[in-house]
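First comes the structure, then the notes that go with it.
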Amino acid sequence: MTRVALVLRHADEIHLGNLEQVLVEHGYTVSYVDTLGADGVQGIDPAAADLLVVLGGDMGAYETEHFPVLAEEVGLISDRLAAERPVFGVCLGAQLMASALGSPVYRGPTNEIGYRGVEPTEAGQDSPLRHVRGIPMMQWHSDTFDLPAGTTRLAGSEAYGNEAFAIGDWALAVQFHLELTAEMHETWLASSTDEVLAEGLDPDALRRDRAEHSAAMQVASRALFSEWLSGLPGDAGDPRRTP
7 MTRVALVLRH
17 ADEIHLGNLE
27 QVLVEHGYTV
37 SYVDTLGADG
47 VQGIDPAAAD
57 LLVVLGGDMG
67 AYETEHFPVL
77 AEEVGLISDR
87 LAAERPVFGV
97 CLGAQLMASA
107 LGSPVYRGPT
117 NEIGYRGVEP
127 TEAGQDSPLR
137 HVRGIPMMQW
147 HSDTFDLPAG
157 TTRLAGSEAY
167 GNEAFAIGDW
177 ALAVQFHLEL
187 TAEMHETWLA
197 SSTDEVLAEG
207 LDPDALRRDR
217 AEHSAAMQVA
227 SRALFSEWLS
237 GLPGDAGDPR
247 RTP
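Residue numbering for the sequence shown is 7 to 249, as defined by this note's numbering.
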């Protein structure tokens with residue numbers, strides 16, 4: 007049985023990365039929607055796909071005046087969550103999920119760029135988030151959100167208390183970029199040199215951190231996402247390995 011993962015993408019370079027193969031291994035066909043395109047998310051049935059994945063982006067979830075499609079995305083996510091259909095959000099995707107659940111999204115205390123520790127909560131230790139404990143994960147964000155009512159906080163970090171939350175076993179939001187590959191990281195560094203330098207960071211130092219931490223992060227990310235997919239209600243999580 008083929009399953010469909012509908013992926014909302016806000017920039018070509020911010021894609022599924024290392025998570026795409028995990029989806030394939032679990033029997034999903036990946037279908038991207040470029041939300042900044044002419045059609046945005048119009049005409050999408052919020053409950054139709056087996057899984058909705060909402061990726062990151064350079065904009066803030068609250069910048070609806072400049073990016074009207076974000077309000078449409080929030081409506082789509084809200085309807086899907088109300089239908090209790092599986093949703094997975096990363097960074098901006100997590101913030102849009104929080105907004106869809108009625109929580110404010112706003113600027114945080116710092117612009118986090120680099121590999122940082124993420125600490126699972128007690129509930130997170132009993133969830134797929136346990137795989138990231140002790141493994142520096144890639145952060146690239148300066149926004150945060152209040153924990154939505156009815157969700158379970160699964161992880162936090164030194165600078166940001168809300169790094170991951172869940173609803174049951176079918177909705178998961180993570181603030182950090184677990185999808186990031188070394189190739190994606192290099193592309194992001196090349197396109198964001200001014201931002202990196204403005205934060206007083208050395209791109210070469212970030213590359214050295216990548217060389218030290220990226221491989222372990224890939225293992226943790228794949229384990230987290232694979233376990234979460236395997237736990238989705240029904241038979242949506244049975245992995246089917248490709249040769």
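Quick reminder that beta carbons are idealized off the backbone N, C-alpha and C, glycines included.
{"Check": "Residue burial classification, E90 (beta-carbon count within 10 angstroms, cutoff 16)", "Outcome": "exposed"}
{"Check": "Closest by C-alpha distance to F171, when choosing among P115, G130 and T193", "Outcome": "G130"}
{"Check": "Three-state class that DSSP yields for F231 in the structure shown", "Outcome": "helix"}
{"Check": "Where T194 sits in the DSSP three-state scheme", "Outcome": "Note that residue 194 corresponds to Trp in the displayed sequence, not to Thr. W194 falls in the helix class under three-state DSSP."}
{"Check": "Beta bridge counterpart(s) of S37 as assigned by DSSP", "Outcome": "L12"}
{"Check": "Contact between the region 9–28 and the region 53–60 (3+ Cβ pairs under 8 Å)", "Outcome": "yes"}
{"Check": "Cβ neighbours of V75 in the same chain (closer than 6 Å, five flanking residues each side left out)", "Outcome": "T41 and G46"}
{"Check": "Coil, strand or helix - L102 by DSSP", "Outcome": "helix"}
{"Check": "Straight-line gap, E192 to M223 (C-alpha atoms, nearest Å)", "Outcome": "16 Å"}
{"Check": "Residue closest to D208, alpha-carbon to alpha-carbon, out of A100, T150 and G120", "Outcome": "G120"}
{"Check": "Unbroken beta strand (DSSP E) run spanning L178, endpoints", "Outcome": "A177 to V180"}
{"Check": "Residues bridged to F94 (per DSSP)", "Outcome": "V59 and L178"}
{"Check": "Other residues of its chain near F231: CB distance less than 6 Å, five sequence neighbours each side excluded", "Outcome": "L25 and V28"}
{"Check": "Beta-carbon separation (whole angstroms), H183 vs W146, contact threshold 8 Å", "Outcome": "6 Å"}
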